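**Q** Residue numbers 24 to 354, in the working numbering, belong to the letters of the sequence shown in order.
Glycine included, each C-beta is placed from N, C-alpha and C at the ideal position.
Just so it is clear, the structure is predicted and the values come from calculations on it, not from any experiment.
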Amino acid sequence: MGSVPCPICQRPDQSAMRDGARHLCWHECLTCGEFGMTGTAQAVLGNLSSQQRAVLSAVLKEATMRGDPPIEVSTYNLDSLSSPTRIPRTVGERLERIGRSLETRQEAVGLTVNVIPMDDYPIAFARNAAEFTNMLVLLSEMGRIERPHLGRPTEPLSIRLTANGVEWLDSIRLARPTEGNLVFVGMRFSEEMRPYWEPGFYLGCKEAGYEAKRTDRHPHNEPWIDRIMALIRESRFMVADLSDRAANAGVGFEAGFAKGLGRDVIFTCMDSKWAAAEAAKEENERFGPLVHANFKQFTVIRWKDAADLKEQLRDRILGTIGRHAPLGGAA
Ligand SMILES: [Zn+2]
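(1) On the DSSP bridge list, what partners appear for F260?
(2) Does G43 pass the burial test, meaning 16 or more other C-beta atoms within 10 Å, or should it be called exposed?
(3) What are the uninterrupted segments assigned as alpha helix (DSSP H) that are 4 or more residues long and contained completely in the stretch 41–129, given in chain order?
(4) Quick check: is any heavy atom of ligand 1 less than 6 Å from the C-beta of G32?
(5) For V274, which of helix, strand or coil comes out of DSSP?
(6) Is the distance from the Cβ of V96 to the Cβ of M40 below 7 Å?
(7) At a cut-off of 6 Å, is T87 close to ligand 1 when judged by its beta-carbon and the heavy atoms of the ligand?
(8) Helix, strand or coil, according to DSSP, for L159 in the structure here?
(9) I think G223 touches A278, with their Cβ atoms under 8 Å apart; what is that distance to the nearest whole Å?
(10) What are the partner residues of G25, as DSSP defines its beta bridges?
(11) Would you mind sorting G273 into buried or exposed? The rule is 16 or more other CB atoms within 10 Å of its CB.
(12) Taking the alpha carbon of N204 as the reference point, which residue from Q75, P171 and G232 has its own alpha carbon closest?
(13) At a cut-off of 6 Å, would you count C55 as near ligand 1, judging by its Cβ distance to the nearest heavy atom?
(14) Using 8 Å as the cut-off, can you tell me whether the stretch 275–290 makes contact with the stretch 258–267, which would need three or more C-beta pairs spanning the two stretches below that distance?
(15) Spell out the partners DSSP gives R325 in its beta bridges.
(16) Who are the near neighbours of Q37 in its chain, counting only those whose CB is closer than 6 Å to its CB and skipping five residues on each side?
(17) Is it right to say N271 is buried, meaning 16 or more other beta carbons lie within 10 angstroms of its own, or is it exposed?
(18) By how many angstroms is the C-alpha of V189 removed from the C-alpha of T135?
(19) Taking the alpha-carbon positions, what's the D193 to T238 distance?
(20) Determine the DSSP secondary structure at I139, reduced to helix, strand or coil.
(21) Return the chain-ordered list of same chain residues with a C-beta closer than 6 Å to the C-beta of P111, the five sequence neighbours on each side being excluded.
(22) What separation, rounded to the nearest whole angstrom, lies between the Cα atoms of L173 and N137?
(23) Taking buried to mean at least 16 other C-beta atoms within 10 Å of its own C-beta, is D142 buried or exposed?
(24) For ligand 1, is there any heavy atom lying closer than 6 Å to the beta carbon of C48?
(25) Taking only heavy atoms of ligand 1 into account, decide whether any of them is closer than 6 Å to the Cβ of C29.
(26) Report the rounded CA-to-CA distance for P367 versus N157, giving the unit in angstroms.
(27) From the DSSP output, read off the bridge partner residues of E234.
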């Protein structure tokens, strides 16, 4: 173990260990948590905005606190891990993250939790300890926590959820179905795709703690759209499979609806279909490419068979969304 500044938040004297066999370095930062980072990813970190760095810290910290295996940051997943689309849309949702963390960390209901702004600020997608401290003040003004005695950012604060705070967290949980473990899979459920559903899509989600749902789709059976939209609303995130050109207008619509609701979308495509589609010039000119240019900004998982799909899908879920942890608690 060496001592280096954290490559993401620049906090000095954090532990790091080189892993020559895997060409990456394992870091343990009091602020960002535990993570691996390849040399090439570290080399391009300087191109990230301060907002993207804050997102990356938040995602890695969250995985660490949940007890997930450390995320390996590479140029392959860096864009996704630091994407500003991950930032909760409202200040209220960021405050809720602090509340959830207090709830998870208290040893018994009603006990205080030690919070260190300098260590804990990524929990709320804050850019630094000062912003996090302001959020604690807001929470106390709202009556969610008792008023903290503020000190230096590296000093622990003793924080306790009030009765109002406990009620607040419960009411949000009950109102929000996305705390659940449902995942909507948008795909063409044809004879050709059938063998990949259970051993590929379904098990890939299940191994990350989620329950995959699909609807049996037929090209001219659009009345199902209400059912599909309801499923997407209930889902924590969506998997959009682009292997079947004939279904992609529908899958694209669903993916856009999911994105609009602030859900993550993981795109997948059978490798042979992708390759064939890239070669089919005439068809592409008539119908547009199999994978529309709009999707290319997202990294599409190209899978070879069911086992490959299962593994890649599971790893992408664990790396970008995290294992499902019931009731927002530790896994
Ligand atoms: Zn850090």
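**A** Well, looking at it:
(1) Position 237 of the sequence shown holds residue 260. BP columns for F260 point to V206 and D287.
(2) As a position in the sequence shown, residue 43 is number 20, starting the count at 1. Flag for G43 reads exposed.
(3) 62–67, 73–89, 101–104 and 114–128
(4) Sequence index remark: in the sequence shown, residue 32 carries index 9 (1-based). The amino acid at residue 32 is misidentified as Gly; the sequence shows Cys. For ligand 1, at least one heavy atom lies less than 6 Å from the Cβ of C32.
(5) The residue you call residue 274 lines up with position 251 of the sequence shown. If DSSP states are grouped into helix, strand and coil, V274 belongs with the helices.
(6) Start at 1 with the first residue of the sequence shown, and residue 96 comes out as number 73. Start at 1 with the first residue of the sequence shown, and residue 40 comes out as number 17. Not in contact: V96 and M40 (Cβ atoms no closer than 7 Å).
(7) The count along the sequence shown starts at 1 and reaches residue 87 at position 64. No, the Cβ of T87 stays beyond 6 Å of every heavy atom of ligand 1.
(8) Looking up residue 159 in the sequence shown gives position 136. Note: L159 maps to helix in three-state DSSP.
(9) Within the sequence shown, residue 223 is the residue found at index 200, counting from 1. Within the sequence shown, residue 278 is the residue found at index 255, counting from 1. That belief does not hold up - the Cβ atoms of G223 and A278 are roughly 18 Å apart, past 8 Å.
(10) Here residue 25 is taken as the residue at index 2 of the sequence shown, counted from 1. Beta-bridge pairing links G25 to A39.
(11) Counting from 1 along the sequence shown, the entry for residue 273 is found at position 250. With 16 or more other Cβ atoms within 10 Å, it is buried.
(12) Position 181 of the sequence shown holds residue 204. Measuring from the Cα of N204, the nearest candidate turns out to be G232.
(13) Here residue 55 refers to the residue found at position 32 of the sequence shown. Yes - ligand 1 has a heavy atom lying nearer than 6 Å to the Cβ of C55.
(14) yes
(15) The sequence position of residue 325 within the sequence shown is 302, counting from 1. For R325, which the question treats as bridged, DSSP gives the partners C292.
(16) The count along the sequence shown starts at 1 and reaches residue 37 at position 14. Excluding positions up to five away in sequence, the list reads C29 and C52.
(17) What you label residue 271 is simply residue 248 of the sequence shown in a count that begins at 1. N271 is buried by the Cβ-count criterion.
(18) Taking the sequence shown and counting its residues from 1, the one referred to as residue 135 is at position 112. Taking the sequence shown and counting its residues from 1, the one referred to as residue 189 is at position 166. Approximately 13 Å, taken between the alpha carbons.
(19) One-based indexing of the sequence shown puts residue 193 at position 170. One-based indexing of the sequence shown puts residue 238 at position 215. Cα to Cα, the separation comes out at about 31 Å.
(20) Numbered from its first residue, the sequence shown carries residue 139 at position 116. The answer is coil: DSSP assigns I139 none of H, G, I, E or B.
(21) Locating residue 111 in the sequence shown gives position 88, where the first residue counts as 1. If we look at P111 and ignore the five residues flanking it on each side, its Cβ neighbours are R117.
(22) Locating residue 173 in the sequence shown gives position 150, counting from the first residue. Locating residue 137 in the sequence shown gives position 114, counting from the first residue. Using only the alpha carbons, I get a separation of about 12 Å.
(23) Here residue 142 refers to the residue found at position 119 of the sequence shown. With 16 or more Cβ atoms within 10 Å of its Cβ, D142 is classed as buried.
(24) Within the sequence shown, numbered from 1, the residue matching residue 48 stands at position 25. Answer for C48: no, Cβ out of range of ligand 1.
(25) The count along the sequence shown starts at 1 and reaches residue 29 at position 6. Yes, the Cβ of C29 comes within 6 Å of a heavy atom of ligand 1.
(26) Because the chain in this structure spans residues 24 to 354, residue 367 falls outside the shown range and cannot be described.
(27) Taking the sequence shown and counting its residues from 1, one reaches residue 234 at position 211. For E234, which the question treats as bridged, DSSP gives the partners L205.
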